[in-house]
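Presented below is the structure to which this report refers.
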């Protein structure tokens, strides 16, 4: 009984950590630009695919990982520069279509650059399961937890302790005021895309040994990351992390105890409930429209 | 303003194009593509009422389309309901479903609305994939011909005329609607909700109304598509399909009935044209979506008309 | 007779009282102005009266009927209509269509007749268009009857909102800074429009910064500061009130 529960919990936390990273990616870009980046999942896919194919081609993994991270960041920066920046003052629907267009474009490109097959990576430290109170934990899951935690800590430090990080946060609160005190808003936007792409790539790389990846792997990861971000309250970092973990755990429990076929539906069922009953998410602030 | 002539003129032109086009169709493949283009056109004319005119996005309309298709499939194949009855019943069920979800959903704005509609579409997709006892699961299900009043619609050519007629009808109804008190209220919701409220427009009811209408449009097209195709799979409910539908609307032109129609036709023809470079299809579609939104956010037709107007020196 | 009664009305946003314990009434047929420095709570008061906001406490009575908590569209049906300080124009529509939306409550709004464009709907729509064109002339927008709202200058849009509000055929019209951002000539023209509206028997509630306009056309004035009532009375009485002078006129020249 308990062992099974623990087993589901481990698997939920593993995927939850990835959703949390994706959710944070959404939050960072949303804060800087009020854009929802539907291509967030593609950053995850690029991180995983690039590393996997490089490793398969004989590149040592300690070289492949940073290269994949850089590749993903470059894609993020290019996307901001050429697709989002030119339409910055457009309305929500327009920008949604642009980022969805970018995601389709990136999927199409991935399919050509790589292929349609599934790819994997060797686990970072062996495949011998660790027994915990009757459940088993894959060592790679520990890598996922550890690296996610480190990334989150670094992000916290960046946004709260560094000048540039604080400037980025300031921009999210009030773009005009940030401009007045000399924050280069354009740089902040570029940085937000680079950072989100980096987060996505990290998530994609650490999870690939467990879940495998292919050119389409980003769709669901991205949409669930979006659910996590909305669940926590759009633009709220802590909310995105909590939201990601909730989605991951709920999904694992539902597929364990209810029906594995509906696993992918859980995130969306939760999100519909949340939107119906508390439209600003768990940690979101309720705004009043000014007239 | 010569709205009346613009209206009848446009409708007449559409009817003429539909009547004359087959002259260039050398085989049934052309009819087949044309029918699919017109299916999408009808669906997009309905979706445009929601997105273009009332300003509410939906990333889940493929779900309603699929419910119409599967409703018809299940009712005709498993329960022996006549095709027309199945179509009407499915549309009614979709209408009720849309009505139930619309009120809480349409309180949401922008990204939240996108998320909620996307969620509904994906849930429908997963249900259709999973409940294989009823839907046939990922393998899909087959349907018979559409029979009505002793008449069987079959063959690409016959479908072409039926769907062509329905397209003209759909355009006529939409033109009527947007130029009526109801349609103005819908457009006012897009312009300024609070501005509309203070002169007596119950904005939430109108949003629900247009959501239901566009969902019913999608359901009816879904039913017909299912019979025409003879075979359906859950992927017609996919997120990607929903995105394609929205892209058709915004590509052709939001808040332009003929724009939505043109967008639907272009995006339906695109894969046929790109068949030779099939692996690039996704990249090209993505590039078109980004390019249109960046360079002509109002869509092809409105941008074209605006530039014509400028060149003509005003009116 | 009091058309509108506001009783002990309060609204707070996160601990800040935008309107506090406010009581006043508006007589039918009057032009009643609400004045006060920026941030005095005038627009919040309008939003409370017209149902855009729900009061934290207190009541609003319109024609002796409790209306606080009702939705704006329900209040419109009772005969309340308004304009906005920052425009709420339907920029996606023609100017005249903006006004026609204002006439919404007086038209056949059933779905099927609209969808089928029955002859009756068609005829009513034509009449509505003529009526609304008349209203546009009334507010001085005759030359914009065929224009798109998006192509009109700011001053004309201000009047377009008045025409739209009038198309609802209100008993009470609330105007939120109709002259803000206008030059002296345009402001005088708006002044004339307001007088013309009042002459048709419509009660006007006016929020305005232009003191010359307020003093010239108001029957009654309520002065606010920090969400509270500072003074009320005829223009002469309010002008003579030392508190008003120090809180408002003094600081604003």
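Protein chains in written order, with this note's numbering: chain A, 1 to 291; chain B, 292 to 606; chain C, 607 to 859.
Cβ coordinates follow ideal geometry from the N, Cα and C atoms, glycine included.
Residue 816 (chain C) sits buried, since 16 or more C-beta atoms from the chains shown fall within 10 Å of its C-beta.
When only Cα atoms are considered, residue 497 (chain B) and residue 243 (chain A) end up about 33 Å apart. Cβ contact annotation for residue 663 (chain C) (same chain, cutoff 6 Å, sequence separation greater than five): 616, in chain order. For the C-beta of residue 537 (chain B), the chain A residues within less than 9 Å are, from N- to C-terminus, 93, 96, 97, 100.
Proximity of the segment 186-198 of chain A to the segment 168-175 of chain A meets the contact definition, three or more beta-carbon pairs being nearer than 8 Å. At a cut-off of 9 Å, the C-beta of residue 531 (chain B) has a neighbouring C-beta in chain A. In the DSSP secondary-structure assignment, residue 838 (chain C) is bridged to C:828.
With respect to residue 779 (chain C), residue 811 (chain C) sits close: the two C-beta atoms are nearer than 9 Å. Here the C-alpha atom of residue 306 (chain B) lies approximately 43 Å from the C-alpha atom of residue 745 (chain C). Taking each of A:149, A:50, A:124, A:177 in turn and checking the Cα distance to residue 138 (chain A), the smallest one comes out for A:124.
The C-alpha of residue 271 (chain A) lies about 14 Å from the C-alpha of residue 263 (chain A). Among the residues of chain B, those whose CB is under 7 Å from the CB of residue 706 (chain C) are 475, following chain order. In this structure, the beta-carbon distance from residue 72 (chain A) to residue 204 (chain A) falls below 9 Å. Within the segment 247-274 of chain A, no complete alpha helix (DSSP H) segment of 4 residues or longer occurs.
Straight across, the Cα-Cα distance linking residue 587 (chain B) with residue 100 (chain A) is about 17 Å.
Per DSSP, the continuous beta strand (DSSP E) segment holding residue 782 (chain C) begins and ends at 778-782.
Cα atoms of residue 695 (chain C) and residue 572 (chain B): separation of roughly 41 Å, rounded to the nearest angstrom. Put simply, of C:849, C:831, C:841, C:844 the residue whose alpha carbon is nearest the alpha carbon of residue 627 (chain C) is C:831. Assigned with DSSP and collapsed to three states, residue 699 (chain C) falls in coil, not helix or strand. Beyond the five residues adjoining it in sequence on each side, residue 433 (chain B) comes within less than 7 Å, by CB distance, of 521, 522 in the same chain, given in chain order. Pairing residue 528 (chain B) with residue 539 (chain B) gives a Cβ-Cβ distance that is not under 9 Å.
Within 10 angstroms of the beta-carbon of residue 569 (chain B) lie fewer than 16 other beta-carbons, which makes it exposed. By the 16-neighbour rule on beta-carbons within 10 angstroms, residue 156 (chain A) is exposed.
Comparing alpha-carbon positions, the option among B:373, B:403, B:384 lying closest to residue 234 (chain A) turns out to be B:403. For residue 805 (chain C), there is no enclosing beta strand (DSSP E); the enclosing alpha helix (DSSP H) has its first and last residue at 790-805. Counting of Cβ neighbours within 10 angstroms places residue 66 (chain A) among the exposed residues, the total staying below 16. If only complete runs of 4 or more residues are kept, the segment 405-464 of chain B shows the alpha helix (DSSP H) at 423-426, in order along the chain.
When secondary structure is reduced to three states using DSSP, residue 608 (chain C) falls in the strand class.
Interface criterion met: the Cβ of residue 421 (chain B) is under 9 Å from a Cβ in chain A. The C-beta distance from residue 486 (chain B) to residue 544 (chain B) rounds to 24 Å, too long to meet the 8 Å contact threshold. At a cut-off of 9 Å between beta carbons, residue 487 (chain B) contacts chain C. Residues of chain C with a Cβ closer than 8 Å to the Cβ of residue 464 (chain B) are, in chain order, 721, 722. Taking C-beta atoms as the reference points, residue 253 (chain A) and residue 9 (chain A) count as a pair closer than 9 Å. Taking the C-beta atoms as reference points, residue 364 (chain B) is found no nearer than 9 Å to residue 567 (chain B).
Contacts between residue 265 (chain A) and chain B, judged by CB atoms closer than 8 Å, involve 413, 414, 417, 418 in chain order. Interface with chain B (9 Å Cβ-Cβ cutoff): residue 230 (chain A) is included.
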